[in-house]
Amino acid sequence: MKFGDFHKGSNPCIVKYVSGDGATVKFQDETHQLEAGMVLGADALVDTNSSFVEIADSYQNIYRLAPESQFCLELTIKGVVPVHFGHVHVIPSHQTIEAGAKYRTSCWTGKNQVTIECIANNLDTYYSYDKSVEVFEFDEFGNKFTLFTLEPYQKCVLQDQGGAMRDRYCVLEQSSIENSEIIRLYKTYCMPFNWSFRAEETQLSDQAN
58 MKFGDFHKGS
68 NPCIVKYVSG
78 DGATVKFQDE
88 THQLEAGMVL
98 GADALVDTNS
108 SFVEIADSYQ
118 NIYRLAPESQ
128 FCLELTIKGV
138 VPVHFGHVHV
148 IPSHQTIEAG
158 AKYRTSCWTG
168 KNQVTIECIA
178 NNLDTYYSYD
188 KSVEVFEFDE
198 FGNKFTLFTL
208 EPYQKCVLQD
218 QGGAMRDRYC
228 VLEQSSIENS
238 EIIRLYKTYC
248 MPFNWSFRAE
258 ETQLSDQAN
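Numbering (my numbering), first residue to last: 58 to 266.
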């Protein structure tokens, strides 16, 4: 099934996996249950709700969304690109030609693996892995500027203060990731060879403990 606008010049995405039946996709005034195999065009808004969802774009970038997260192909200053929010892990493809995707309340990330977790309405934590990650934005004139760069296995807490783009964000903390956090990130987003079912098991196990 195709869902969304396929006339905006976007590269469609495909839903690779959905756990349970909680996730939905909305386009205009229609809302449907999200299912694996769906092809998403522009403006099709995915809400994971209680589900784990994996989506791939046409460049084979992988987006792993934990519960209470969103994904949509939206028109931005760089054209129609994936925009995501919530608890999201991005695995870039080596095929990618145009730089990264955009996190809705924050910024753009480059071509390396990154996890972004929403910890409050205006606070997000960025985690890098074995390669550095540049986090950047574009001002009102379309000029790119770097907000911060994470060295391997660092994290940064970023606050969205509103206002003009170059004054909008504040780095509250940047530090090395503790071993326990690295283990959690890998267990949740990376280590499972079949993330589609192992991610749920990991979270349930952690909650039980």
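The beta carbon of each residue, even a glycine, is placed where N, CA and C say it ideally should be.
Because the structure is a prediction, the values reported are computed rather than measured.
Residue range of the beta strand (DSSP E) that includes Ser-185: 180-185
DSSP state of Asp-224 mapped onto helix, strand, coil: helix
Beta-bridge pairing of Gly-136 - partner residues as DSSP gives them: Thr-133
Exposed unless 16 or more other CB atoms sit within 10 angstroms - verdict on Gly-143: buried
Selection from Gln-218, Phe-205, Cys-175 and Glu-238 that minimises the alpha carbon distance to Ala-123: Cys-175
Glu-208 - DSSP class collapsed to helix/strand/coil: coil
Classification of Asp-86 by the beta-carbon crowding that lies within 10 angstroms, buried from 16 upward: exposed
Best match in Cys-227, Tyr-210, Gln-216 and Asp-224 for proximity to Ser-237 [C-alpha to C-alpha]: Tyr-210
Per DSSP, cross-strand counterpart(s) of Cys-175: Asp-181
Cα-Cα separation, Ala-93 to Glu-191: 31 Å
Expected contact under 8 Å - CB spacing of Cys-70 and Ile-112 to nearest Å: 5 Å
For Cys-164, the residue or residues it bridges with in DSSP: Bridge partners of Cys-164: none, in fact.
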